[in-house]
Amino acid sequence: MLRKFNRNPWFFLQYYAFTFILFAALDGVLFANRPADFFDFRFQNWDLLLIPAGIFVGIMSAALIHNATHSSLRPAWTNRFWGEICGVHQLYGFLGLSVAHLLHHKYPDDPERDPHPPDHLPFWKFALNMRLSLRRCLTHAYLQKWGDSVRSRRIWAAKNFFAASGMYVRLLFWFLLLGPVGFTAFYIPSLITNILFFAHFNYYTHRPTDDGKTVILNLNHSIYYHVVNRFFFGIYFHRNHHAHPSYANPRYAPDPANAESAASELAAEEKQKLPSRKRVAVTADADPGE
Numbered sequence: 616m617l618r619k620f621n622r623n624p625w626f627f628l629q630y631y632a633f634t635f636i637l638f639a640a641l642d643g644v645l646f647a648n649r650p651a652d653f654f655d656f657r658f659q660n661w662d663l664l665l666i667p668a669g670i671f672v673g674i675m676s677a678a679l680i681h682n683a684t685h686s687s688l689r690p691a692w693t694n695r696f697w698g699e700i701c702g703v704h705q706l707y708g709f710l711g712l713s714v715a716h717l718l719h720h721k722y723p724d725d726p727e728r729d730p731h732p733p734d735h736l737p738f739w740k741f742a743l744n745m746r747l748s749l750r751r752c753l754t755h756a757y758l759q760k761w762g763d764s765v766r767s768r769r770i771w772a773a774k775n776f777f778a779a780s781g782m783y784v785r786l787l788f789w790f791l792l793l794g795p796v797g798f799t800a801f802y803i804p805s806l807i808t809n810i811l812f813f814a815h816f817n818y819y820t821h822r823p824t825d826d827g828k829t830v831i832l833n834l835n836h837s838i839y840y841h842v843v844n845r846f847f848f849g850i851y852f853h854r855n856h857h858a859h860p861s862y863a864n865p866r867y868a869p870d871p872a873n874a875e876s877a878a879s880e881l882a883a884e885e886k887q888k889l890p891s892r893k894r895v896a897v898t899a900d901a902d903p904g905e
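For the sequence shown, my numbering gives the first residue as 616, with consecutive numbering after it.
1) Leaving aside the five residues before and after G673 along the sequence, list all residues of the same chain whose C-beta is less than 6 Å from its C-beta, in chain order.
2) Mark D729 as exposed unless 16 or more other C-beta atoms lie within 10 angstroms of its C-beta, in which case mark it buried.
3) Kindly indicate which three-state DSSP category P624 falls into: helix, strand or coil?
4) Can you list, in chain order, the residues of its chain whose CB lies under 6 Å from that of A677, leaving out five sequence neighbours each side?
5) According to DSSP, is S852 part of a helix, a strand, or is it coil?
6) Using DSSP with H/G/I as helix, E/B as strand and the rest coil, what is N835?
7) Please specify which runs of the beta strand (DSSP E), each continuous and at least 3 residues long, are wholly inside the stretch 780 to 825, giving them in chain order.
8) For a quick check, are the C-beta atoms of F656 and L787 less than 9 Å apart?
9) Measuring alpha carbon to alpha carbon, tell me which of N855, R622 and G708 ends up nearest T634.
10) Is it true that the CB of L710 sits closer than 9 Å to the CB of F777?
11) Is it right to say T910 is buried, meaning 16 or more other beta carbons lie within 10 angstroms of its own, or is it exposed?
12) If contacts are defined as beta-carbon pairs under 8 Å, then H731 and S748 qualify, I think. What distance do you get, rounded to the angstrom?
13) Rounded C-beta distance between H720 and P860? I'm assuming under 8 Å.
14) For T829, which residues does DSSP report across the bridge?
15) Are L665 and C701 close, meaning C-beta to C-beta below 9 Å?
16) Can you tell me whether DSSP reads A691 as helix, strand or coil?
17) Please name the residue in F696, R854 and A863 whose C-alpha comes closest to that of N873.
18) Count the other C-beta atoms from every protein chain shown that fall within 10 angstroms of the C-beta of R785, then say buried if there are 16 or more, exposed otherwise.
19) For the candidate residues R750, E699 and V796, whose alpha-carbon lies nearest to that of A779?
20) Using CA coordinates, which residue listed in P723, G762 and H815 is at the minimum distance from A615?
21) Can you name, in chain order, every residue of its own chain whose Cβ lies under 8 Å from the Cβ of L717, other than the five neighbours on each side?
22) What's the C-alpha gap between R613 and A651?
23) Verify whether the separation of the beta carbon atoms of A863 and S687 is less than 9 Å.
24) Going by DSSP in three states, L749 sits in which element: helix, strand or coil?
25) Between H841 and T829, how many whole angstroms is the CB-CB distance? I'm expecting something under 8 Å.
Here it is in structure tokens:
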């Protein structure tokens with residue numbers, strides 16, 4: 616996705632214009648074929664089970680689009696398939712979310728070029744600003760690549776129109792597909808969960824330090840992290856993921872901190888050996904008669 620973004624200035628606009636037209640047409644077909652009573656809100660007690668199902672799907676959508684972005688799912692064709700499905704679920708589309716994530720890997724924690732640098736913001740401010748920060752980062756990347764010209768800004772403005780309009784037709788698609796009860800009890804909880812999960816995931820796996828640096832963390836120290844890592848591809852093993860993004864489950868990837876620790880220990884051992892070698896050399900060179 617990032618290669619296409621860097622090769623074709625029209626790529627984003629073409630994608631969002633096409634998907635807007637596609638989902639507008641799907642909405643028309645669904646609406647025309649729904650009976651009048653389809654839109655009646657008839658809630659039953661068992662519909663409450665849709666809420667935890669929606670929560671599960673919200674987190675799974677995040678995990679799947681994350682792996683699809685790195686083409687780590689098998690077979691290979693499922694990456695684009697699940698990426699697009701999850702992009703529809705998250706409303707913004709696979710293209711924008713995947714390019715933003717690849718920029719995050721290319722410029723991790725850069726305050727200008729990372730779509731969601733943690734900085735020293737409180738969590739809720741970070742969560743509320745995350746989507747705005749993502750759009751700002753994509754705009755910066757596009758204009759930096761293709762030039763800050765009138766032509767580039769017109770193309771990007773048209774893309775913004777179709778991307779924003781596309782979110783509305785995707786939202787309407789879910790309503791027309793699931794009906795009032797399914798939309799309210801399943802889709803809305805899944806979308807809210809997805810947004811909050813991404814915010815939590817991005818915020819707590821990248822933490823700023825007092826010396827101005829940022830550390831990337833593996834998180835698996837509580838019941839919450841154990842459960843999420845168990846069922847959702849080890850997603851909180853984020854330090855491993857940055858070092859080995861092709862692993863579908865970074866829990867099983869080598870931990871770069873272990874490699875750094877081993878290298879540090881080896882260097883320390885070598886440093887300790889140096890003085891003893893010098894003493895041996897001095898003893899060997901000394902005059903036995905002294």
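Just so you know, even glycine gets a beta-carbon here, dropped at the ideal spot from N, CA and C. A quick note: this is a predicted structure, and the numbers were derived from the prediction, not measured.
Once the coordinates are examined:
1) If the five residues before and after G673 are omitted, its C-beta is found closer than 6 Å to the C-beta atoms of S805, T808 and N809, all from its own chain and listed in chain order.
2) Looking at its Cβ environment, which holds 16 or more other Cβ atoms inside 10 Å, D729 is buried.
3) It is coil, neither helix nor strand.
4) Excluding residues within five positions, the ones whose Cβ falls inside 6 Å are N809, F812 and F813.
5) The question names Ser, but residue 852 is Phe in the sequence shown. The answer is strand: DSSP assigns F852 an E or B state.
6) N835 falls in the coil class under three-state DSSP.
7) With a minimum length of 3 residues, the unbroken runs of beta strand (DSSP E) contained wholly in the stretch 780 to 825 fall at 821 to 823.
8) Result no, Cβ atoms of F656 and L787 do not sit closer than 9 Å.
9) Nearest in C-alpha terms to T634, of all of N855, R622 and G708, is G708.
10) No, they are not a contact pair.
11) As displayed, the chain neither begins before 616 nor continues past 905, which places residue 910 out of reach and without an answer.
12) About 6 Å; that satisfies the 8 Å criterion.
13) Indeed, because the Cβ distance is near 6 Å, the residues count as touching under 8 Å.
14) Answer by DSSP bridge pairing, in chain order: P823.
15) Going by C-beta atoms, L665 is not nearer than 9 Å to C701.
16) In the three-state DSSP reduction, A691 falls in the coil class, being neither helix nor strand.
17) Closest option to N873, Cα to Cα, is R854.
18) By the 10 Å Cβ count, R785 comes out buried.
19) Between A779 and the set R750, E699 and V796, the nearest pair of CA atoms involves R750.
20) With the chain represented from 616 up to 905, any question about residue 615 goes unanswered, as that position is not in the structure.
21) Same-chain partners within the cutoff: M616, L617 and T684.
22) Residue 613 falls outside the range modelled here, since the chain spans only 616 to 905, and no answer is possible.
23) The answer is yes: Cβ separation under 9 Å.
24) Reduced to three states, the DSSP call for L749 is helix.
25) No, H841 and T829 are not in contact; Cβ-Cβ is about 25 Å, not under 8 Å.
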